[in-house]
Amino acid sequence: NTMNKPFAGHAGFHFVPANFRFLKRQLRALGVRTGSVDGILADLGVSSHQLDTPERGFSYRFDAALDMRMDPSAGQSAADVLNEYTADELQRVFSEFGEVRNARTLAQACLQFREKGRFRTTSDLTSVCDTVMMGERWRYLSQVFQALRMEVNDETGALEDFLRDALEMLAPGGRIVVIAYHSIE
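Pasting the structure below:
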């Protein structure tokens, strides 16, 4: 930060633990003016704590509620997406956010599962995936779970908002560093 403000954290850094989407709002709440930030670092990765907490439903390694919301009190869960989306919507999610090669087949398998019951747990989803899986199991499941997580949390929309606001908040000559983990980001 080019301003000498008391909120600047350790060694001139201030960590803002909030959704990237709200960067400008968070900085303004701290008294930061538009066009005055020297550097912004964004780490787009999901935390290992989220993945390793079974009840969050982010991982296929545990049988848990199919949630995947970054904020468990907001919006629709992964189970809601799987139970409510049409086949075309599910195909779009699996294809666009997970780059799943047989997205249409998986979407149809999800609809067939819904004829018997509702998606509730990660095991419900993995059992459907196991019937149509292509390639290595861990990779396929990772792609499917990533796709649902990205949809549930509107991650690409949040990234677009962040990038727009980051450019606005950046000072002339400032830098933005974004750590991304897959080609969609």
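First residue of the sequence shown: 582, per the numbering used here; consecutive thereafter. Backbone N, C-alpha and C fix where the C-beta goes; we use that ideal spot for every residue, glycine too.
Exposure of residue i, with buried meaning 16 or more beta-carbon neighbours within 10 Å
i: Arg614; result: exposed
i: Ser658; result: buried
i: Ala690; result: buried
i: Leu748; result: exposed
i: Asp711; result: exposed
i: Arg699; result: exposed
i: Phe594; result: exposed
i: Glu736; result: buried
C-alpha distance - residue i paired with residue j, whole-angstrom precision
i: Asn683; j: Tyr721; result: 10 Å
i: Pro653; j: Val597; result: 19 Å
i: Ala646; j: Leu706; result: 11 Å
i: Met750; j: Gln607; result: 11 Å
i: Glu717; j: Thr634; result: 24 Å
i: Thr702; j: Glu636; result: 10 Å
i: Ile760; j: Gly738; result: 17 Å
i: Gly770; j: Asp648; result: Absent from the model: residue 770. The displayed extent of the chain is 582 to 766, so no value can be given.
i: His630; j: Glu670; result: 30 Å
i: Ser708; j: Glu696; result: 15 Å
Same chain only: Cβ atoms within 7 Å of residue i, ignoring 5 sequence neighbours per side
i: Ser704; result: Asp644
i: Asn734; result: Arg650, Met651
i: Met714; result: Tyr721
i: Phe678; result: Gln727, Ala728, Met731, Glu732, Ile765
i: Ala599; result: Gln607
Same chain, Cβ closer than 6 Å to residue i, neighbours up to 5 away in sequence not counted
i: Val758; result: Leu622
i: Thr686; result: Val713
Beta-carbon spacing of residue i, residue j below 8 Å
i: Tyr641; j: Phe726; result: yes
i: Ala688; j: Gln672; result: yes
i: Tyr762; j: Leu663; result: no
i: Leu632; j: Ala668; result: no
i: Val681; j: Gln724; result: yes
8 Å Cβ shell around residue i - same chain, five flanking residues per side excluded
i: Val570; result: Outside the shown range of the chain, which is 582 to 766, sits residue 570, and nothing can be said about it.
Near the ligand MG: residue i beta-carbon under 7 Å from a heavy atom
i: Phe700; result: The ligand MG is not part of this structure, which contains no ligands at all.
With a cut-off of 8 Å, do at least 3 Cβ pairs link the segment 741 to 750 to the segment 602 to 613? yes
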